[in-house]
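Q: Supplied in structure tokens, the structure appears directly below.
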Amino acid sequence: MSLPEELFPASLLVFLAAACLLDRHLLRACLAFIAFALLMSLAWWRLDAPWLALVEAMLGALLTGLALFHGLGYPGTRPSLPVHDQERRPRHEAPVRWLAALVWLTLAGVAVWGISGDGELVASDELTRQPLLATGLAIMALGLWAFAHHLHLLRRLLAFNVLGSGVFLLLAGLAGPSVEVQGLILVGLVVALIGSVLGAALLRRLHALDGRVTLGVEADERR
Amino acid sequence: MSVLSAVPLAAETAVLWVALLIPSLLGLLAWRFPPQRMRPLLLVITPLPLATFWLLHRVAMGGELEGVWSLGELLLYWRLDGLRGLLLLLTQLLLLASATYAVGHRRAIAVAERTFAGFWPLLGGLATALGIIWVAADLLTLYVALELMGLCAVGMMLLPGKQAALVAGMRYLLYALVGSLAWLLGVALLLGVSGRLDLSGLAATTQPGTVTSIAMALLAAGLLLKAAIFPLHGWLAPVHASAWTPVSALHGALVVKASFFILMQLWQRLVPEAVAAAWLLGLLGSMAVVWGGLQAWRAQALKQVVAWSTVGQLGYLMLAFPLLAGTSAAVATLAWQATWLQLAAHAMAKAAMFMAAGNLVLAAGEGRLTDLAGTSRQLPFPLMTFGIAAVTLMGLPPSAGFTAKWLLLQAAILAGQWLWVAVLVAGTLLSAAYVFRVLRCAFVEDATRQEVQPLPAGMNLIALLLALAALGLGLGADWPLALIRAGGMP
Amino acid sequence: MSDALLVLVLPAMLIWPLLLMLRVPLMAALADRGQPRFPLDGLWCTAPLPALVLALSVDEGALALDWWLFGGFWLLDGMRGTLLVVTALLWLLAGVYARGYLAGEQARAVAGDEAAEARLMRFALLWPLTLCGNLLLLVAEDIASFYMGFSVMTFAAYGLVVHSQTRDARMGGLTYLVMAVLGEGLILAGLLWGAGSAGTTTLGGLREGMLEAPNGVWIGVLLWLGFGVKAGVVGLHIWLPLAHPVAPTPASAVLSGAMIKAGLIGWLTTLPLGETAAGEGFAWLGRAMLVSGLVAAIGAALYGVCQRHPKAVLAYSSVSQMGMITALVAMGLVAPTLWPALSAAVVLFAAHHGLTKGALFLGVGIGEHPPRLPAWLLWTLLALPALSLTGALASGLDAKWAFKAVLHEGDYTIVVTWLSLAAVGTSALMARTLWCQWHVERQAREEGLEPLVSAMPLAWLASLLAALTLPWWWGGELALRGLPPLAELPGLLWPLALGLAGSLGVWAVARRRPLHLARRLPPGDLWWLLVEGWQRLRVRGQGSLDRLVSARDVWVAWWVARERDVVRVLDSMTRAEEWLRRHAAVLMMGVAVGLALLMLTST
Amino acid sequence: MSGGVLLLATLCTSLFTALLIFLLPERAFRARTGLNLGAALVKLTLVAWMVWGLSRGHAYALEFPVLEGLAFVLRADALGIMFAGLSSLLWLFTTIYAIGYLEDSPNRKRFFGFFSLCVASTLGISLAGNLFTFLIFYELLTLSTYPLVVHRGTAKALAAGGVYLRFTLTAGLVLMIGMIALHVLAGDIRFGEREILAGLDLDRRPLLVGLFWVLIAGFGVKAALVPLHGWLPRAMVAPAPVSALLHAVAVVKAGAFGIVRLVYDVYGIELSAELGLLAGLVAVASVTILYGSLRALAQQELKPRLAYSTVSQVAYIVLGIGLFGPLGTIAAFSHLLHQGLMKVTLFFCAGNYAEELGIHRIDDLDGAGRRMPLTSLAFTVGALGMIGLPPVVGFFSKWYLGTGAIQAGMPWVIAVLVASSLLNAAYFLPILGRLWFLPGPDHGVGEWPEERRLGRLETHAWLLVPAVATALFSLVAGLLAGMPFSPLEWATRVVNTEYLP
């Protein structure tokens, strides 16, 4: 596999992640996530981890997708969540999040570069590793930023999932598809699924209770 | 699965794993057949701590137990030394207490049996996860156990189903998951740099350097979030406000500390010499002490006081990092003992305190401090328990909190790190302030009060026993501390 | 035999009054509520009897009690014995007298006057207690017993002083108590200092230690002034003229006759009198004492003659007489070699003064309740002790001769002259006393006051007899010199003549143009200055104290306000928690970055 | 019975009593009373046994390690047993008094439970064998007295409790830090191992001086040394038996006893003198004595006046400690006992007046001597003792202080003593005057604030007996001061056998 060959799926992944995270239309975002997850599955396949690909497709794309749709209230159940995210963080809070995500990215980047630069290579293929690592970093940073920035709970769930995928990619990129890595990713996927399901169910309940879609400011119980 | 350890230790190994897994099995069983009475439950669970005690005895006699499980190509490492054994014993004692308490609690809050049944498997899972965290010696096992613990804890927090509980649980869930990912990222970097996941191997192969540092920082951030260390503690207090008492008890006592335990393990192995970062951790702990104390002092609801006190008390544990980093062996030994003694003392006292507070709130029917007026007459038992547990939290003699504080202060003075002395002083005074604020409210005599709801005697008794155990550990600290000194210090 | 007697009687002497005291409430408790008993019965009057028996039967002896306080050591010697006799006798007679004196009170109590009953009860309780203290201090040789006796006597006597509970009585009681407490303080300081320096617990040891102690003189000064309160050293005497007139007459008699001698006993037992080894410092102390004694002797006489109340005049006379004794005691420091001879004279003088003054005070009561005696006889009897006190008769003459002879031998004629001048004053005082009594008696006869109970005149007559015949019935040191030869009489009697003449002159002048001195010179002289000064000081002190308190309150209030501010700030700070909660994700990133940067930069 | 068991039994007598009382129901009045009295008697017997054994040369000790190089040590030495004897004797009387005082009032179970706990801590303090053990019981005392102070549950009581805690907890912390620093410096010092600190390098001396004052500050709060005395007058809102206990044996004495231990058993009197610490102590004590007396003079209510009097009187102990020499030491030790006896009497009496007649203010006391003669007599004995008049025990303390001052070469201390005596007289004698010499309601003048006829005697017998008994004790202990086992004799014995510098 050549570098350009790798570049395309990598950039597609980043694009899908961005689409998933930036779209205020929640349905579209969920669809983008499913596409992202399927692409991830493909990536695992290409990294010689067929089991992982299968699990990703089943858990990441199918079940998580279902859970997210369930959270949104599709299909047809009432009351369903508004399909547009109306929650906006105050403008002045945005730069800090950008900055934090960037610094985090830099940090992770430095570490990754440190390993791939002078660490002994665990991954078999140098060529696949570079775009993998870069994609992972980018997706992770995006996910982290989105998690910190968004208020809508569904979008935060999406962000968490994307972030998770980014970390998995980094993991694979740094250590190759070894048993340990697969184990870690497998556990991660399961946890992400459970988290998403739980989160989506909670979201629905909360929305049903008082119409909220964010954590919001609690009525201060202490006073 | 095969056990790779030496033959003479086979019995011990078997006992260990049975002791670890039994809670989960029992939990599943209880899901189907919820326990109705306290005493049978007590009888069923009591063998667990006994078995662990036996293990601990073996460890004390013959040194550490170590082993590897192979799962196909995957090697999973475990290890049982004095410290881990004690933590396991502590976990099982608290499991015993909270499970028994939960039976009474269900009756007292009059919740449907099926609604409550979900508590049991989650409790079992939590206990197993905690047990595994204590004995696990590689990052994968730790990851699995950490996630299991987190999810079980979130699940338990959500059980009451009230809106406040759901919001708090949602926040907890999100932060727990993100914290795990930060941790996983750190693990990824470590794996990348050394290719190993077992702790001793990691310690042997990793060189201090940029990558290790960054990995450690990421790991630490994730774990600090899970451990609710200032300023990442925001999720903790709301979670406890609406949780059921036995859940709060176990959570405040052990769950947050599991993350601390892992952090301590990794820090000591990977970056023992990072003095500046250790000081940062110590400073965060100091701020936690002050912030938690202040919030507890200003809190209006009883359970909030207890929850915030957890934030403050966790800060004490963080002082271990600067006292262990780059200090003399004498200081390090003192700080090491102090930390774990403080952990145990706080675990028992906090569980007792949550239970006592829960009893007070249940019996009085109100959760605000001002509603406690007159409880000293009507509810002397839970109030007394609260007081005894508070003695430990304040670090007054003869409690284990006092002994731990003595050690910590001794270490700080010996190391000449006077800042921590000031922090401990401030923490003690603040904890006294919030504890006595509660007691003061309870001693008010001139308030009218309706009848109190009678509670099963067992609920009070369990809390009292835990509080007394924390108290007794103060003077009986020699044996556990000898175990901690003998093994466990990396 | 006398040792066994001592061992038995000495404690009995102290215990018997206490038993009688305890008997009083016991009887009251046992008696029916409706029928108050007269607590001052015959048995009650016997309180000083064991002491009298002891003093008359035992000359010398000592008793050591290891378990008592710091180890009790009670001693009886010539000097103590003499004073013990006089004291016990006076207490006995005054006690009998009191039975009669308080008969009116008893009648009121029977009639249902609760206050009168309470007063009577108190008197019956405190009288034996005071006696007990007085006796103890006389025999005590260990400091603790002595101090105990002294303070028991002092504080119990307060109850006797304020007996009538009138405004004047409270006033008198207050002066008494204030000065007594001051005196106790000074004595305590002196005793502690002395005992600490000498490392002793006995008075003898103290006296010897004082000579060697570096600050011995100051110890001496403290003790002199401390006991001086009791003995009426000038300046510290102010309680005497205020407390004596208000006390019941029998109490005045023992106050002036017996208790005032406690001060003297204090000096005699603690000051290094007659110690040739005493340094120049003590000699200077002696000179100061001498001067103060003479000033008291003459000054008190001058002031006393301006008084209207006979008891006040008598009180000033006591000050004057004690001034003379002070001067004589001072000679023991100024001229130690004279002391062995002089001490006997001092004791004689003290005994004489005690009994005579007692008789005079009791006489005042007789004047107030005149018995059915012919006027000439009554006035002769009343005048006799007065004459004795001036040194013209009987024991007075004897005593005067005794010290005069000694001083002449020691070539201290100047002192004798001054003392004679004081005697002139005494004569005037006595004349004034009788004059006042005359007024009182006339008034009493006009008003036809309460009937006299026979106990009173009997006790009075007995005291008169005892006082006048002192040198004859009491042998020992006192009668050493016998009566003076006739040739010396003019030298001894001129002060009387001069005093009488002066009195008559003043009387003659005052008849035509009243001097109103009495109104301008109230009893208690310096006390009123002190009171005024104290009031001013108190106002000022109160003012500054108030300011201090208000300053402290302001300070506390300031802190409380700051605390409230701090709490408010903290409350607002706790709101920052919301912010922390909302930004947890960013904070996590921040913590990670911070940790990483620290680790990277520090290595 | 072996030494350690006896010690433990003594300690546990009150500890288990506390436990049992907490377990008994509130209405089990008889059982609680029996338990209280029984335990008090048992403890008194045990302590008496130890006194006897100690005088025959037996040793009582018990210890086990708590930390590496730090042990929990209980040991009965002559000094400790002296304090233990005092506390168990006064516990008996205070218990009797409290039973009478709290008759028919709520929360008696709580009261007596913590009361016993308080006594257990006091006993622990007296039997502690090193600073660590001392601290444990010292802090336990703070905790167990708090519920007693706020017992009434009124706003005033709660505020006083707050002040009490602020002072004592902070002091406890200061003490703890000081002790730990000392521990770091010199290891675990058993009481009596004076050579450890004396043998330290000379360049450590300034540190020792600093630590000494830190520790004194810690002890000084409980001992109510000016300016750390603020809590004491406020704690007066507590019920009378608590005040009695607080002032006579438990809290205030614990502080003073701590200073005694520190100076004699940790630093050693010689080292303390060498380091110049004693002069400072004497100065602090003198200031406290005078200040306390002056403030007492300004009080219009009985209990606050007694409270300030305590401030002044407890400083006598500190003064005695500061006077280098056996006499000063005897003064300190004996006053530890004497002040307890006298002050407990005074508080009992003040409580009696309040309970029987509703009297709190001094000017309401007019003529109370006729209405309550025995109480007033007891009060008189206590007050005269405070002034320092023989034969009440107070005189002996003053005597040894004065002679000790001379021995230590500080004659000016006598001026302080005399001034204090005068001030004591100035604030006690007016009370006595009112009691005995002013006409009051019983003479037909005015009315008692709130008269209750509590018993056939002048008041409830349970209230009267302890007051009279302690008054008698303070009188007899003075009269028979030369007898063996009298407080003074025992103090002298302690000094002679152990502490003679």
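Protein chains in written order, with full-length UniProt numbering: chain A, 1 to 223; chain B, 1 to 490; chain C, 1 to 603; chain D, 1 to 501.
Where is the CB? At the ideal position from N, CA and C, for every residue including glycine.
#1: Are residue 460 of chain C and residue 362 of chain C touching if we call contact CB-CB under 7 Å?
#2: Using CA atoms only, rank isn't needed, just tell me which of C:584, C:117, C:600, C:599 is closest to residue 97 of chain A.
#3: Applying the 10 Å Cβ sphere with the 16-neighbour rule, what's the burial state of residue 8 of chain C?
#4: Residues in the same chain with beta-carbon distance under 6 Å from residue 150 of chain B, minus the five sequence neighbours each way, listed in chain order, please.
#5: Give the interface partners of residue 180 of chain B over in chain A, defined as CB-CB distance under 7 Å, in chain order.
#6: On a Cα-Cα basis, can you pick out the residue from A:73, A:94, A:199, A:93 that is closest to residue 236 of chain A?
#7: Return yes when the Cβ of residue 164 of chain D is within less than 7 Å of the Cβ of residue 231 of chain D, no when it is not.
#8: Excluding the 5 residues preceding and the 5 following residue 95 of chain D in the sequence, name in chain order all residues of the same chain whose CB lies nearer than 6 Å to its CB.
#9: Can you find a CB in chain A that lies within less than 7 Å of the CB of residue 147 of chain B?
#10: Please report whether the beta-carbon of residue 492 of chain D lies at a distance below 7 Å from any beta-carbon of chain B.
#11: For residue 51 of chain A, count neighbouring Cβ atoms within 10 angstroms of its own Cβ and tell me buried if that reaches 16, exposed if not.
#12: Would you tell me roughly how many angstroms separate the C-alpha atoms of residue 53 of chain A and residue 143 of chain B, rounded to the nearest one?
#13: Would you mind telling me which residues of chain D sit closer than 7 Å to residue 66 of chain C, beta carbon to beta carbon, in chain order?
#14: Can you tell me whether residue 60 of chain D is helix, strand or coil according to DSSP?
#15: Quick one: give me the first and last residue of the beta strand (DSSP E) that residue 79 of chain B is part of.
#16: How do the stretch 371-391 of chain C and the stretch 252-262 of chain C stand: do at least 3 beta-carbon pairs fall below 8 Å, yes or no?
#17: Rounded to whole angstroms, how far is the Cβ of residue 152 of chain D from the Cβ of residue 239 of chain D, which I believe are closer than 8 Å?
#18: Can you grab the Cα-Cα spacing for the pair residue 105 of chain A / residue 284 of chain B, in whole Å?
#19: Going along chain F, which residues have a C-beta under 8 Å from residue 171 of chain B?
#20: What residues in its chain sit with their C-beta under 7 Å from that of residue 119 of chain A, if we drop five residues either side in the sequence?
#21: Exposed or buried, residue 343 of chain C, counting other C-beta atoms within 10 Å across all chains shown (16 or more means buried)?
#22: Any beta carbon of chain B sitting closer than 7 Å to that of residue 302 of chain D?
#23: Check distances from the C-beta atoms of the stretch 395-417 of chain D to those of chain C and list, in chain order, the residues that come in under 9 Å.
#24: Could you spell out the range, first to last residue, of the beta strand (DSSP E) harbouring residue 75 of chain D?
#25: Residue 586 of chain C versus chain A: which residues are under 8 Å apart at the beta carbon?
#26: Looking at the unbroken alpha helix (DSSP H) that takes in residue 454 of chain C, where does it start and where does it end?
#27: With a Cβ-Cβ cutoff of 7 Å, do residue 175 of chain A and residue 181 of chain A count as a contact?
#28: Mapping DSSP to helix, strand and coil, what is residue 275 of chain C?
#29: Do residue 181 of chain D and residue 211 of chain D count as a contact pair if the criterion is CB distance below 7 Å?
#30: Taking C-beta pairs closer than 8 Å, name the residues in chain C that residue 295 of chain B reaches, listed in chain order.
#31: Is residue 181 of chain D close to chain B? Criterion is C-beta to C-beta, closer than 7 Å.
#32: Check whether the Cβ atoms of residue 163 of chain C and residue 245 of chain C lie closer than 7 Å to each other.
#33: So which residues on chain D does residue 147 of chain C lean against when the C-beta distance must stay under 7 Å?
#34: Please list, in chain order, all residues of the same chain as residue 346 of chain B whose beta carbon is under 6 Å from its beta carbon, the five residues on each side excluded.
A: According to the structure shown:
#1: The answer is yes: Cβ separation under 7 Å.
#2: Checking every option, the nearest Cα to that of residue 97 of chain A belongs to C:584.
#3: Residue 8 of chain C comes out exposed.
#4: Hits under 6 Å: 176.
#5: Simply 191.
#6: Outside the modelled stretch of chain A, which goes from 1 to 223, sits residue 236 of chain A, for which no answer is possible.
#7: Contact: yes.
#8: Excluding five sequence positions before and after residue 95 of chain D, the CB atoms of its chain that fall closer than 6 Å to its own CB belong to 36, 40, given in chain order.
#9: Residue contact with chain A for residue 147 of chain B: present (Cβ-Cβ distance below 7 Å to some residue of chain A).
#10: Residue contact check for residue 492 of chain D against chain B: no CB pair falls below 7 Å.
#11: Counting the other Cβ atoms within 10 Å of the Cβ of residue 51 of chain A gives fewer than 16, which makes it exposed.
#12: C-alpha separation (whole angstroms): 21 Å.
#13: What residue 66 of chain C touches in chain D: 482.
#14: Strand at residue 60 of chain D.
#15: That run of the beta strand (DSSP E) goes 74-80.
#16: No, they do not touch.
#17: Their Cβ separation, rounded to whole angstroms, is 7 Å, which keeps residue 152 of chain D and residue 239 of chain D in contact under 8 Å.
#18: Taking the straight line from one Cα to the other gives about 24 Å.
#19: The displayed structure is made up of protein chains A, B, C and D, and chain F is not among them.
#20: For residue 119 of chain A, the pLDDT reaches just 48, beneath the cut-off of 50, and the residue's location in the model is therefore unreliable, although a value from the coordinates is still provided. Scanning its chain for C-beta atoms nearer than 7 Å, with the 5 sequence neighbours on each side dropped, one finds no residue around residue 119 of chain A.
#21: Label assigned to residue 343 of chain C: buried.
#22: Taking Cβ atoms only, chain B never reaches closer than 7 Å to residue 302 of chain D, which makes this a no.
#23: Against chain C - using a Cβ distance shorter than 9 Å - the residues of the stretch 395-417 of chain D are 395, 396, 398, 399, 401, 402, 403, 404, 405, 406, 407, 411, 414, 415, 417.
#24: For residue 75 of chain D, the enclosing beta strand (DSSP E) has its first and last residue at 70-76.
#25: The contacting residues are 96, 97, 100, 148.
#26: Secondary structure note for residue 454 of chain C: it is in no alpha helix (DSSP H), with a DSSP letter that is neither H nor E.
#27: For residue 175 of chain A and residue 181 of chain A, yes; Cβs fall inside 7 Å.
#28: Coil.
#29: Cβ atoms of residue 211 of chain D and residue 181 of chain D: closer than 7 Å.
#30: Using a Cβ-Cβ cut-off of 8 Å, residue 295 of chain B is close to 574, 577 of chain C, given in chain order.
#31: Proximity of residue 181 of chain D to chain B, defined by a Cβ-Cβ separation below 7 Å, is satisfied.
#32: Note that the C-beta distance between residue 163 of chain C and residue 245 of chain C is not below 7 Å.
#33: 390, listed in chain order.
#34: Answer for residue 346 of chain B: 313, listed in chain order.
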